[in-house]
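Engineer: Let me begin by handing over the structure; questions about it come next.
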Amino acid sequence: MQELQMTTVLDPNIHNLAIEGTFDDAQAIVKALFNDQEFKKKYYLGSVNSINWARILAQIVYYFYAWFQVAKDDSEQVSFVVPTGNFGNVLAGYYAKRMGLPIDKLVIGTNENDILHRFFSKGEYHRTELKETYSPSMDIQISSNFERYLFDLAGNSAEKLQHWMEDFDRTGKLTIEGELLKNAQNDFVSARVSDEEIVRTIRDFHQQTGYLLDPHTAVGVKAAEKTDLQTPVICLACAHPAKFGETVRKALGTEPELPEELAVLEKLETHSKTIPAVTERIKKEILETLAAQS
C-alpha cells in the first residue's frame, strides 16, 4: 500500500525509482549523491525525509504541542515513546528537551533490527544482518540521524565524530563505555519488540480499548509497557493500520477495511522503474531523465 501511494502519482515531473536492495542501500546511495558536491549543486538535489534538517525542525514543534495537551502546569514532566528506525523523530524530541521542554524520558522502541537498543543498553552500535519484520519502516541498520546525536555525545567534536564514523564504516562496529555510555543512557531509554510481541500488542490493545494499532505504533506501545515510566506518557503513532492488513489479520483474524482514499489506489495505473542499487546507475538514470525532458 505504501508503494501504491507513491507509484500511482503519474504527474510528469514525478519519477519513481525502486532499487534492488534495502532501505539502508537506498539511503547510502542518496548520501553518496549528496556528497558529490558538484552533482548536487548542478542538479539541485534535495531530500524530503529526515536527512533534511527541515524535517527535524518541523517535528520539534509537535513535541511542544503534545506536551501542552497533557501537562497540567509549567513544570510537569511528560515522557515520549517513539517507534524508531531512522532516528529522526526521536531526535526532534531530544532537541525539544534540550530547548527546555519538560520531558522526563525519551523511549526508543525498536523492532528486531535492534541496533539502537543495543547501543543504548550496552554501548554497542554493531551492524548485523537486516531482518524483514512486521514493522517494515523500521527495518533499518544504519540510522541517518544517529550521527547527529553522536556529534552531541562527542562533545560537539567533529574530529571525534569523524573518527567514530570512519571506524564504523570500516568495521561495522562503534562501541562506547564508561561516562559516554552513562550520558547516552541519561538521554534515552530503549526497548526491543519482537514480531510476536507486535501481534500480541495489536490484539490486546484492541480488546482493551477498541483502538486498532498499526505494527509500528504497536512497537511504541509495547516499549512503553516494558519501561518504568512514572510520568504521563505520549506514544507517537505512525500509520494507518489498514496499510498492514496481513499483520492485523494475524492479530485479529480479519483485515481492517481500507479507507476509500487507500482502496482506490489498487485500481489506478502505476509507474515505477526497478534498477540495481548502484550509485552510478542512479546518477545515470537522473541524467537520462533530465535529458529526455529538456
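To convert a position in the sequence shown, counted from 1, into the numbering used here, add 92. Where is the CB? At the ideal position from N, CA and C, for every residue including glycine. All of these numbers come straight from a predicted model, not from anything done at the bench.
Mapping DSSP to helix, strand and coil, what is glutamate 358?
Structural biologist: In the structure shown, glutamate 358 sits in a helix (DSSP, three-state: H, G or I).
Engineer: What are the partner residues of serine 282, as DSSP defines its beta bridges?
Structural biologist: DSSP lists Ile200 as partners of serine 282.
Engineer: Where do the ends of the beta strand (DSSP E) carrying leucine 344 lie?
Structural biologist: Here leucine 344 belongs to no beta strand (DSSP E); instead the alpha helix (DSSP H) covers 337 to 344.
Engineer: Can you tell me where the beta strand (DSSP E) holding threonine 267 begins and where it ends?
Structural biologist: Here the beta strand (DSSP E) through threonine 267 covers 265 to 267.
Engineer: Which residue wins for smallest C-alpha separation from asparagine 237, given the options Lys252, Leu328, Arg292, Leu208?
Structural biologist: Taking only the C-alpha atoms, the option nearest asparagine 237 is Leu208.
Engineer: Leaving out the 5 sequence neighbours to the left and right, which residues in its chain are closer than 8 Å to methionine 191 when beta-carbon positions are compared?
Structural biologist: Correct list, in chain order: Ile152.
Engineer: Helix, strand or coil, according to DSSP, for isoleucine 207 in the structure here?
Structural biologist: Isoleucine 207: helix per DSSP, three-state reduction.
Engineer: Which of the three DSSP states is assigned to histidine 332 in this structure?
Structural biologist: Reduced to three states, the DSSP call for histidine 332 is coil.
Engineer: When the Cβ atoms of the region 208 to 222 are set against those of the region 277 to 295, are three or more pairs found closer than 8 Å?
Structural biologist: At 8 Å Cβ cutoff, the stretches touch.
Engineer: May I ask which residues mark the beginning and end of the beta strand (DSSP E) holding threonine 366?
Structural biologist: 365 to 368 is the extent of the beta strand (DSSP E) around threonine 366.
Engineer: Alpha carbon to alpha carbon, how far is phenylalanine 126 from leucine 137? Give it in angstroms, no decimals.
Structural biologist: Each residue's Cα considered, the two are about 7 Å apart.
Engineer: Would you say the region 238 to 247 touches the region 171 to 189, given that touching needs at least three Cβ pairs under 8 Å?
Structural biologist: Touching, yes, given that three or more Cβ pairs across the two stretches are closer than 8 Å.
Engineer: Is the beta carbon of arginine 292 closer than 8 Å to that of threonine 202?
Structural biologist: No, the pair does not count as a contact, with Cβ atoms beyond the cut-off.
Engineer: In chain order, what are the residue ranges of uninterrupted alpha helix (DSSP H) at least 4 long that sit wholly in the region 128 to 215?
Structural biologist: The region 128 to 215 contains these whole alpha helix (DSSP H) runs: 129 to 135, 145 to 162, 180 to 190, 207 to 214.
Engineer: Measuring alpha carbon to alpha carbon, tell me which residue in Leu354, Leu273, Gln385 is nearest threonine 100.
Structural biologist: Nearest option by C-alpha distance: Leu354.
Engineer: Looking only at DSSP bridge pairs, what is alanine 110 linked to?
Structural biologist: Looking at the DSSP assignment, alanine 110 forms a beta bridge with Thr366.
Engineer: Compute the beta-carbon to beta-carbon distance between isoleucine 121 and threonine 371, rounded to the nearest angstrom, for a pair I have assumed lies under 8 Å.
Structural biologist: Right, their Cβ atoms sit about 5 Å apart.
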